[in-house]
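Asker: This structure is in structure tokens; I'll ask about it shortly.
Residue numbers (our numbering): 2 to 288.
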């Protein structure tokens, strides 16, 4: 069966279909992958068992598709053996940058630092990717193929577009995630993107620089919606490809009360900003 990818939207705001791919999870061939430098940023906090599987899986995709790739692991002082595991892989593969920080600094902070390392290393495309193996590396070539074919600035791995989904989530978590996406779409006034909170993404270097990521205010899981919002405001072409998000097999979720509070606060301020902009627009029309 064929699957459809959603691209940037037409002038009327409706998503247009830009291409078809074969059955879910199939990777393009080596010749379909653009010759660019690819960076994968992995924020880590007590993810040693998952990194032990994830890193060699990413390296296998790099080798299979001839991808000039580099992995950037930003670790918040994990005491679970992460240091030894990552340094061991770094000696083996020679394309891994490992940054071990003191204390817990948060997801947004890790991505800011990882992006800086990636851009300084000359990466052309930079990925966000969870370190818990929920995001499967087999999708990396599909991101790159979509980005090259559609000239997108940002490609999002979507759980909510056609043929996307989740594996291992209970009904309660699926409902919470769906409601969070709907609230985010309403708060930001963005209905063209199906998955607003996905953490599996690929940015062009130009897009990252243009959103001034180092100045972003969020630090938890609201980071995903702030970066998407900034990208939309910059007029970036944003596409989605379907992915299956797999529930972690080991370790624990790092989502905390502070992250939830930050998420709600960000949406509240976004709604206030939208109301203000609508009021200004209405007043200008009256003039």
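Each residue gets a CB set at the ideal place from its N, CA and C atoms; glycine is no exception.
Excluding sequence positions up to five away, which residues of its chain have a Cβ less than 6 Å from the Cβ of residue 75?
Answerer: Excluding residues up to 5 positions away in sequence, 44, 100, 111, 114, 115 lie with their Cβ nearer than 6 Å to the Cβ of residue 75 in the same chain.
Asker: Relative to the C-alpha of residue 246, which candidate in 72, 49, 133 has its C-alpha closest?
Answerer: Closest by alpha carbon: 133.
Asker: Check the DSSP bridge columns for residue 243 and list the partner residues they point to.
Answerer: 159
Asker: Can you pull the DSSP bridge partners for residue 101?
Answerer: 76
Asker: Kindly indicate which three-state DSSP category residue 194 falls into: helix, strand or coil?
Answerer: DSSP places residue 194 in coil when its eight states are reduced to three.
Asker: Skipping 5 residues on each side, what residues in its chain have a beta carbon closer than 7 Å to that of residue 182?
Answerer: So the qualifying residues of the chain are 161, 196, 197, 198.
Asker: Count Cβ pairs between the stretch 157 to 171 and the stretch 196 to 215 that sit closer than 8 Å; are there 3 or more?
Answerer: yes
Asker: So the alpha helix (DSSP H) residue 228 belongs to, where does it begin and stop?
Answerer: 224 to 234
Asker: May I ask which residues mark the beginning and end of the alpha helix (DSSP H) holding residue 173?
Answerer: Its alpha helix (DSSP H) spans residues 172 to 189.
Asker: Give me, in chain order, the residues of the same chain whose beta-carbon lies closer than 7 Å to that of residue 109; leave out the 5 immediate sequence neighbours on both sides.
Answerer: 217, 219, 220, 221, 224
Asker: Using the DSSP secondary-structure output, state which residues sit across from residue 37 in a beta bridge.
Answerer: Looking at the DSSP output, residue 37 sits in no beta bridge, so it has no partner there.
Asker: Mark residue 234 as exposed unless 16 or more other C-beta atoms lie within 10 angstroms of its C-beta, in which case mark it buried.
Answerer: exposed
Asker: In angstroms with no decimal places, state the Cα-to-Cα distance between residue 67 and residue 52.
Answerer: 22 Å
Asker: May I ask you to verify whether the stretch 171 to 187 touches the stretch 207 to 214, counting CB pairs closer than 8 Å and requiring at least 3?
Answerer: The stretch 171 to 187 vs the stretch 207 to 214: no contact.
Asker: Have a look at residue 177 and residue 243 and give me their C-alpha separation to the nearest angstrom.
Answerer: 20 Å
Asker: Taking residue 155 and residue 237 to be in contact with their CB atoms under 8 Å, please state how far apart those CB atoms are, rounded to whole angstroms.
Answerer: 5 Å
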